[in-house]
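When you number the sequence shown by my numbering, it's gap-free, plus one each residue, and the end is 828. Each residue gets a CB set at the ideal place from its N, CA and C atoms; glycine is no exception. See structure below.
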Amino acid sequence: MENINFGIDLGTTNSGIGKFQAGKVNIYKNPVGFRDTLPSVIAYRNARILVGDKARELTSVQPENVFSSFKRKMGSEHTFHVPATQENKTAIDFSALVLKELINFVGDEKPSAAVITIPASFDTVQSNATKSAGYSAGLQEVLLLQEPIAACLAYANTQNISIDESKNWLVYDFGGGTFDVALVSINNRELKVIDHEGNNFLGGLDIDNLILEHLFCPVLEKELGTENLWKQMVSAEKGIYSKLFFELLYRAEEAKKELSIKESVFVELELDLASKFIEFEITRQQFNELIHPKVDETVKLTKRLLEKNNISNQQVERIILVGGTTYIPYVKEYLHQEFESTVDSSIDPTTAIIVGASYYAGTKNKQNLSTQVAEIKEDLPAKLQDVKLVYEVNSQDNEELLTGFVPNEFSGYYRVTRTDGGFDTGLISFHSKFNEFLKLVPKTSNFFNVKIFDKHQILVFEKENLSINHGIYNISGQPLPNDICLEVDDTLGTTYLERVFRKNDILPLSKKLYKTISKTILKNSGEKLIINIVEGKAETSPASNLCIGYLEINSEDLSANLLKGTDIEIDFDISESRDLTVNIYIGAINLEISQVFNASAKQVSIAKLRLELEKSLTNIDYEIEEFSNNHQEDIADRLNDVRIEIIELLKALIDIEDDLVTDKIYNIDERKRKAFQVYDDLVRRKNVIAEIEEYQAYKMEIKEDLLLKPNPKIEHVFNNIIKNEAQFLNSNQTSLIKSKTKELQKISQEIYYQHDEAYVNLFYQYAYKDISEYSNESIAKKHILNGERAVKEVKYAELKAIISALYHLLKVKPRDYFEDKNGTLGLK
């Protein structure tokens with residue numbers, strides 16, 4: 001079977017394509033300048049579309065028709081207006097044009113499939129947008145690969161390293177538009193991504209903007225006699241300086257590159273609109289001071305990654321630098337200062353992702369990307385359905401051992417062949433188990449066919465294209481970058497997130513959940529059942545996560561009434577490239593729905609952002625006061641840090657109200673979600689502790705009651721509630737703990753009403769109600785008089801009957817405190 005072989009780095013500032021061939025990677029050259037990369041820039045000149053270097057050259061002439069850094073808007077609804085054609089284009093449209101140009105580099109051999117890299121922090125919507133661009137460019141198959149993994153594969157397969165024991169690496173990927181850092185474990189056979197951190201809106205472009213805003217603009221404002229030049233350039237109101245932005249941004253990038261090799265640079269600007277020639281100097285010291293907060297942010301993310309995985313600096317063998325921004329000397333200096341590990345810049349930061357993607361593509365079959373399990377014929381004998389083949393997927397040896405296990409004392413024959421015809425065992429007899437050393441072709445992927453025959457030499461099992469990689473480091477699988485959760489109703493009228501897949505689970509993934517309907521939905525009633533799937537952190541509120549799948553089942557679509565308590569079966573499948581498929585089955589009404597979620601755009605509203613931020617301030621102020629009053633100053637201080645961040649974001653929103661040029665709104669949205677998650681973590685801890693304390697109080701009370709007055713029936717129910725105590729108390733989910741407390745409250749009430757005296761209190765609750773609350777006031781008065789007499793005479797049986805009669809006379813029955821509330825989503 002043919003491999004994909006082609007790997008593509010679809011970068012924010014530069015892109016490239018390579019091919020894995022004969023154990024090596026060949027990078028296809030850009031015909032313009034014969035470089036390894038293509039600038040990710042699109043330009044329109046009349047009806048002509050320019051891509052790459054030619055497009056960049058148009059920046060000084062028609063900047064309004066030149067588009068770059070659009071990768072940062074992947075997965076958003078943002079559109080770019082093209083004056084030359086009077087059309088609106090998306091980041092997907094522009095990315096597809098870059099991919100088409102890269103495919104043209106290949107020549108006559110047009111790839112039908114490719115591995116395309118994405119930042120590790122890309123969410124599902126951004127990942128889907130990248131795949132859409134690949135399909136629009138003419139690819140029939142697109143497999144996504146996280147950029148830090150690609151960098152690791154490039155390093156491990158090109159540096160001739162020899163690793164005898166497992167080591168930890170950090171891949172520090174500071175690119176043009178994004179920052180990722182991954183913690184990787186490597187041994188003598190494979191790489192494993194342990195965890196990652198990142199920011200999709202932190203890259204070299206942000207440094208270019210800083211140079212323009214803080215080093216260029218102050219000089220230009222003096223020379224041009226104007227104020228707020230930055231705001232004038234990025235404003236939606238197109239002024240005389242709007243066209244300057246992209247030309248000056250390009251010059252800022254060039255200054256950044258020069259300052260990476262020189263101690264100072266003279267910037268020369270010839271401004272036609274003002275007929276001015278301006279020259280000024282920028283020193284590396286100015287540059288370093290300016291970019292320090294951005295570099296420091298990457299270091300903080302790196303430290304957070306190590307801390308949450310309990311890894312010290314000393315346990316990291318090396319930090320591998322990737323991405324064009326790592327050329328800046330200050331980045332290396334600061335990493336040396338903050339970490340004790342070797343800072344390794346031995347691989348080319350600009351091509352490492354291309355190389356790694358191509359190595360990965362060389363190990364992946366076309367049209368069968370996710371199949372990892374032996375394929376078994378449906379008509380095979382039952383005794384062969386559990387055939388097990390054991391082998392190493394990656395090997396550094398010239399031979400690799402294959403062991404086959406067949407159950408039930410099977411006797412027969414096996415035959416193993418290499419698909420290139422260079423290896424064939426012939427037919428060999430065996431009983432229950434066989435061992436075979438498979439000869440491997442060096443530095444490539446080897447594919448074998450395994451066949452098992454019965455004693456009559458009739459084929460009863462076949463596994464095709466069993467793959468073993470020789471001399472090529474590969475990964476154990478791509479990790480899921482965030483939790484995938486289902487929003488469900490709790491019993492209290494609110495909702496919480498139930499984790500379906502955990503962050504860092506290895507893709508592909510499948511899971512089946514059995515849930516129940518939390519409210520009755522009558523046919524044609526206008527009610528609906530909501531399936532809401534989000535990406536983020538399971539321990540946080542649904543609002544602080546990203547919706548990646550939303551489905552409404554309307555009452556009009558039901559064949560019959562859907563009753564509360566009905567079972568519902570939900571299957572979740574996520575492919576290696578993050579395609580999410582959900583299958584829903586409700587047996588009671590024979591309803592079956594299958595939905596593939598691949599949303600490639602999300603909307604960010606300034607008004608909605610402002611509302612969310614302002615509302616959160618009120619909640620944060622309340623919690624700060626609560627923690628301060630309880631002498632928990634450490635948490636109050638951390639909440640105050642979140643408060644400061646929220647205020648900064650509100651200020652930033654004011655600054656970008658008219659900004660249609662930069663992508664700062666998406667940066668603010670990402671910062672908001674992270675701030676909300678920190679708030680959730682801090683406050684949830686308090687709420688969880690409070691819920692646990694209430695749970696423990698009821699538990700101790702019931703234990704004492706059962707010691708005084710044993711009751712086998714109640715004791716059995718009690719033990720069932722607390723048997724998985726460690727699991728739900730450590731779940732960090734208040735709604736789950738609260739539901740268990742509620743079950744204990746029911747038992748507590750049942751024990752309480754075993755005492756006759758308890759009914760005296762209950763009677764007086766009814767007696768002190770306003771008489772108008774009863775449907776028949778005269779009868780109610782008689783019952784109350786009789787009840788008072790029963791209390792005096794200690795006639796509890798009669799008192800219970802009177803309480804029952806009063807209950808039935810009430811116009812509005814008191815709600816059972818223990819009754820589950822109807823859910824808002826309809827799913828629990």
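Item	Value
Compare the C-alpha of E197 against each of I692, T90, T302 and N545 and name the closest.	T302
Between the Cα of D655 and those of R610, A47 and I118, spot the shortest distance and give me the residue it belongs to.	R610
Would the stretch 195 to 215 and the stretch 353 to 360 be scored as touching if the rule is three or more Cβ pairs under 8 Å?	no
Could you give the first and the last residue of the continuous alpha helix (DSSP H) run that contains F245?	L244 to L259
Can you have a look at D424 and say buried or exposed, based on whether 16 or more other CB atoms are within 10 angstroms of its CB?	exposed
Taking contact to mean at least 3 C-beta pairs separated by less than 8 Å, is the stretch 729 to 738 in contact with the stretch 767 to 782?	no
Could you check the C-alpha separation between D567 and E614 for me, to the nearest Å?	40 Å
Would you report the Cα separation of N446 and R638, rounded to the nearest angstrom?	54 Å
Going by other Cβ atoms of all chains shown within 10 Å of its Cβ, with 16 needed for buried, is L466 buried or exposed?	buried
Specify whether the stretch 209 to 225 and the stretch 249 to 264 touch according to this definition: at least 3 beta carbon pairs, one from each stretch, less than 8 Å apart.	yes
Taking the straight line between their C-alpha atoms, what separation do you get for V894 and G176?	With the chain represented from 1 up to 828, any question about residue 894 goes unanswered, as that position is not in the structure.
Assign F287 to one of two classes, buried (16 or more other C-beta atoms within 10 Å of its C-beta) or exposed (fewer than that).	buried
Excluding the 5 residues preceding and the 5 following E338 in the sequence, name in chain order all residues of the same chain whose CB lies nearer than 7 Å to its CB.	V299
Using a C-beta cutoff of 7 Å, does Y360 count as contacting chain D?	In the structure shown, chain D cannot be found, because there is only a single protein chain.
Assuming K651 is part of the alpha helix (DSSP H), what are its boundary residues?	E633 to D655
Taking its Cβ as the centre, do 16 or more other Cβ atoms sit within 10 Å of G75, making it buried, or is it exposed?	buried
Could you compute how far the alpha carbon of T37 sits from the alpha carbon of S510?	38 Å
I need the straight-line Cα distance from P479 to L191, nearest angstrom please.	12 Å
Which residues bound the beta strand (DSSP E) around I584?	L580 to I586
Do you know offhand how far Y550's Cα is from K528's?	13 Å
Given a cut-off of 7 Å on the beta-carbon distance, is the pair A114 and V322 in contact?	no
Could you tell me the alpha carbon to alpha carbon distance between L271 and E487, rounded to whole angstroms?	55 Å
Are the beta-carbon atoms of F437 and Y414 separated by less than 7 Å?	no
Assuming E569 and Y514 form a contact by the criterion Cβ under 8 Å, report the distance between their Cβ atoms to the nearest whole angstrom.	6 Å
Tell me which residue opens and which closes the alpha helix (DSSP H) that E704 is part of.	K664 to L708
Tell me which residues share the same chain as T59 and place their Cβ nearer than 6 Å to its Cβ, disregarding the 5 neighbours each side in the sequence.	V66, F246, E247 and Y250
Can you tell me whether DSSP reads Y44 as helix, strand or coil?	strand
Pull up the distance between the alpha-carbon of N88 and that of S95, whole angstroms please.	14 Å
Give me the DSSP bridge partner(s) of A156.	In DSSP, A156 forms no bridge with anything.
Compare the Cα-Cα distances from G477 to each of T13, V51, I149 and K100 and report the closest residue.	I149
Report the rounded CA-to-CA distance for V82 versus A47, giving the unit in angstroms.	11 Å
In or out: F179 buried (at least 16 other Cβ within 10 Å) or exposed?	buried
Taking 6 Å as the limit between beta carbons, can you name the residues of its chain near D108, skipping five residues before and five after?	none
Taking only runs of the alpha helix (DSSP H) that begin and end inside the stretch 706 to 753, which ones reach a length of at least 4 residues, in chain order?	712 to 722, 725 to 729 and 734 to 752
Give the secondary structure of K377 by DSSP, where H, G and I count as helix, E and B as strand, and everything else as coil.	For K377, the predicted model reports a pLDDT of 38, less than 50, meaning its position is unreliable and no value from the coordinates is stated.
When DSSP builds the beta bridges, which residues end up paired with H470?	S395
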